[in-house]
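Working notes for the structure below.
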Amino acid sequence: MEQSGLAREVAAAAAKVTPIAGFILGKASGWGPQEWSYVCMAGYAVLQAAHLMWKWRKEAKKP
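Under full-length UniProt numbering, the first residue of the sequence shown carries the number 1, and numbering increases by one thereafter.
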């Protein structure tokens, strides 16, 4: 099997396992949907801020 085919299979398998793993971790932590929505919103805000800072630095470096 070539490398790209293997990478595709691994990515597909990981995508199938991710929701189940998330559910198991969520139940094990004892948090409910509301707490997880707070975590997701905070994570999104951090990622958005990081993206904007990267974008603004990139634009500032342009001549």
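All residues carry an ideal CB built from backbone N, CA and C; glycine is no exception.
Backbone CA spacing between residue i and residue j [nearest angstrom]
| i | j | result |
| --- | --- | --- |
| A60 | M41 | 28 Å |
| R8 | W36 | 29 Å |
| P33 | K16 | 21 Å |
| L47 | G5 | 30 Å |
| K55 | V39 | 24 Å |
| W31 | L52 | 30 Å |
| A21 | R57 | 36 Å |
Residue i beta carbon near the ligand PLP (any heavy atom closer than 7 Å)
| i | result |
| --- | --- |
| T18 | This structure lacks the ligand PLP; in fact it carries no ligand of any kind. |
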